[in-house]
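What follows is a single structure, written as structure tokens, with notes after it.
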Amino acid sequence: MTATVGQIEAQAAVPRDWRRLALYLLLGFSAGLPFYMFNAVLLLRLAKHGVDIVTVGFFAWVALLPTFKFAWAPLLDRYDVPGFGRFWGKRRGWIMLAQLGIFASMAGMALTATDYSLPLTALFATLLAYWTTTLEIAADAWRIELAPTAAEQGPLVAANLWGYRSAMAGSGAAVAIVPAWDWSGAYMTVAVISLLAFPVLAMTRADPQRSGGRWTALTTGTLFSAITLAFTALAVALIGWLLLKALGSVGLDNPDTVKYWVFGIALVPFVALAAAVPWLRKLPPDAPLRRSAAIGPYVDVAWRYGIVVVPMLLFISIYRMGDVMAATFAPVLFNALGYGLAQIGIANGIVFAVASMIGVAFGGWLATRVSMGWALLIGAIVSAISNWVFAWLAYQHPGGEVLFTMQLPGFHFPSWSPATWQAYLWPASVTSGDMKLYFAMAVDQFGHGFEGAVFVVYLSLLVNPRYPAAQYALLSGLAFLIPRLVAGLSGAIQKSIDYDGFFFMAGAMSLAAVIFLPFILRAKPRPDDRSALA
-4 MTATVGQIEA
6 QAAVPRDWRR
16 LALYLLLGFS
26 AGLPFYMFNA
36 VLLLRLAKHG
46 VDIVTVGFFA
56 WVALLPTFKF
66 AWAPLLDRYD
76 VPGFGRFWGK
86 RRGWIMLAQL
96 GIFASMAGMA
106 LTATDYSLPL
116 TALFATLLAY
126 WTTTLEIAAD
136 AWRIELAPTA
146 AEQGPLVAAN
156 LWGYRSAMAG
166 SGAAVAIVPA
176 WDWSGAYMTV
186 AVISLLAFPV
196 LAMTRADPQR
206 SGGRWTALTT
216 GTLFSAITLA
226 FTALAVALIG
236 WLLLKALGSV
246 GLDNPDTVKY
256 WVFGIALVPF
266 VALAAAVPWL
276 RKLPPDAPLR
286 RSAAIGPYVD
296 VAWRYGIVVV
306 PMLLFISIYR
316 MGDVMAATFA
326 PVLFNALGYG
336 LAQIGIANGI
346 VFAVASMIGV
356 AFGGWLATRV
366 SMGWALLIGA
376 IVSAISNWVF
386 AWLAYQHPGG
396 EVLFTMQLPG
406 FHFPSWSPAT
416 WQAYLWPASV
426 TSGDMKLYFA
436 MAVDQFGHGF
446 EGAVFVVYLS
456 LLVNPRYPAA
466 QYALLSGLAF
476 LIPRLVAGLS
486 GAIQKSIDYD
496 GFFFMAGAMS
506 LAAVIFLPFI
516 LRAKPRPDDR
526 SALA
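Quick note, the sequence shown lines up with residues -4 to 529 if you use our numbering.
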């Protein structure tokens, strides 16, 4: 396969050794750290503040924003970030801008952590989701340029997901410091940590295709970033206000009405695509739709795969549904069962990190050892089991017999004694009820990590190397469109079928995608009919 311009630049900029894996471990950490802060941790925060369970579920729709990342992904393929791009190139420039956006948005969430104004909470959460997604778009595009084959993708995906999921564990564990520093302190702590990768990237070498001084690029890029962050905040606030007005005018402030709209919206892209594919398939290379910078990358997906793109995208949209539902509402379940923030912090931190990284390692290994069909099937089964474990947990209770006690070592930090740290960060004793929570989280995160690694490799292999950012954004965005639409109804669903029924349903959803495997495994893309360097 002839390399694209982007691949040539990427291969020249980054060495093909362990440093490439370390780079993607770092980028995965940078993208994973903020995710739980606008998703599961935010839902737990709202539940702790007494917000109605249905409204808490609606906040899961903030995580829907990444599913529409294809709307701005072409910009990242086409344009450089002024300042940053002159020295570090297109991909690193966008990553650095996004990191500044993540820090600013999370600082805003820290300053509004009382949740007295839910619209303001939603604004900063949406901004955090936007900049986190922008970081993922740029990082995913660079990864695909660096590793165009399955053999190269497996280790790189594993490193990226190790960083991502360990960072998610770190942000999930941040709830343990809430009793000491309140929600504001927890969010600000994570905001500072999220910025640590910025100076690391700032000290990396220049892109070989670019010219300009490091410090001039850093100063100019930071100034441009500040202007961009302010403009984006104003734009999101205006769009959010108009959207809320529009939704209220058509009755979508009624949860019962919302259910029907959600499922209707979820079907629209697939019905429209099925109708358009026969026509798109016939477009010649010079057709305006195929040459368009804005929509050409997405037309290319339908042109390459034909009508089989419909079951392929349905499979992609359903495969991770159970995981998304379970991950979104699990902290709310823990809170409802009566577990304290220390126990939840350990489950979302240490247990999450270890179990998910083991799952990622096994999933990445399997994706390089067996056919993709078997890997996807095994991933779906493992994921279903990992979701059903929470249905079992719903019948368990915290407390019970004390199994062992733990004491932190005798150190002092400012005026705090070990006992003070113990009270906030680590339970003095572990009960049988605590172990049930940790066991359930370990099973769940192993399954999520395993299935996630297989899935990322599969998506990466579907992408045309000509459009890595845009097409991966489309595919990975659609992968979470239906799951996150339905996740917004989590509160309403839980009220109808309780927690056990909710997680039984999530497991069944994980298996449902298997029916599409016979169709997608026969999907072979057409060869590109244009010059690779056109």
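Yeah, the Cβ is synthetic: ideal placement off N, Cα and C, and Gly gets one too.
When the beta-carbon positions are compared, Leu268 and Trp298 stay at least 8 Å from each other. Of all C-beta pairs linking the stretch 194 to 214 to the stretch 82 to 90, three or more are shorter than 8 Å, placing the two stretches in contact. If you check the CB distance, Met101 and Leu115 do not come in under 8 Å. Taken atom to atom, the span from the alpha-carbon of Trp176 to that of Trp67 is near 37 Å. Relative to the Cα of Met430, the nearest Cα in the group Tyr125, Ile341, Gly167 and Arg517 belongs to Ile341. DSSP places Ser471 within a helical segment (H, G or I) once states are collapsed to three. Burial is judged here by how many other beta carbons sit within 10 angstroms of a residue's own beta carbon; Ile139 has at least 16 and is buried. Judged by beta-carbon spacing, Val51 lies beyond the 8 Å limit of Leu59, meaning their Cβ atoms are not closer than that value.
In the DSSP annotation of this structure, Gly78 is not part of any alpha helix (DSSP H), being labelled neither H nor E.
In this structure, the CA atom of Gln391 is about 43 Å from the CA atom of Phe193. Here the stretch 279 to 289 makes no contact with the stretch 479 to 498; the two share fewer than three CB pairs at distances below 8 Å. In this structure, Val304 places its C-beta atom within 8 Å of the C-beta atom of Val296. In the structure shown, Trp67 falls within a coil segment according to DSSP collapsed to helix, strand and coil.
Bounds of the alpha helix (DSSP H) holding Gln489 are Ser485 to Ala507. Cβ-Cβ separation between Ser166 and Tyr31: approximately 4 Å, consistent with a contact (criterion under 8 Å). Linking Ser427 to Ala508 through their CA atoms gives a straight-line distance of about 36 Å.
Under the three-state reduction of DSSP, Arg14 is assigned to helix. Excluding sequence positions up to five before and after Ile132, its CB lies within less than 7 Å of the CB of Lys64, Ala68, Leu71, Ala464 and Ala468, all in the same chain and listed in chain order. Closest in C-alpha terms to Ala389, from the list Val327, Ile376 and Gln440, comes Val327. A residue is called buried once 16 or more other Cβ atoms fall within 10 Å of its Cβ, and Leu309 is buried on that count. At the C-beta level, Val49 and Lys490 come within 8 Å of one another. Collapsing the DSSP output to three states places Val49 in a helix.
DSSP places Leu95 within a helical segment (H, G or I) once states are collapsed to three. Collapsing the DSSP output to three states places Gly23 in a helix.
Under the criterion of beta carbons closer than 8 Å, Ser378 and Glu446 qualify as touching, at roughly 4 Å. Inter-segment contact for the stretch 306 to 320 and the stretch 508 to 518 is present: three or more beta-carbon pairs are separated by less than 8 Å.
Under the 8 Å Cβ criterion, the stretch 450 to 466 does not count as touching the stretch 336 to 354, having fewer than three qualifying pairs.
Inside the stretch 337 to 378, DSSP marks whole alpha helix (DSSP H) runs of 4 or more residues at positions 347 to 362, from first to last along the chain. Counting every other CB atom within 10 Å of its CB across the protein chains shown gives Gly208 a total below 16, marking it as exposed. If the five residues before and after Ser220 are omitted, its C-beta is found closer than 7 Å to the C-beta atoms of Leu92 and Leu95, all from its own chain and listed in chain order.
Here Ala503 is actually not in contact with Met320; their C-beta atoms are around 10 Å apart, not less than 8 Å.
Across the structure, Met316 and Phe475 are spaced so that their CA atoms are roughly 7 Å apart.
Take Tyr182, set aside five residues on each side of it, and the residues of its chain with a beta-carbon closer than 7 Å to its own are Met32, Met101, Met104, Ala105 and Ala108, in chain order. Annotation: Trp369 to Ser455 spans about 17 Å, alpha carbon to alpha carbon. Under the criterion of beta carbons closer than 8 Å, Phe347 and Ala164 qualify as touching, at roughly 4 Å.
For Val458, the three-state secondary structure derived from DSSP is coil.
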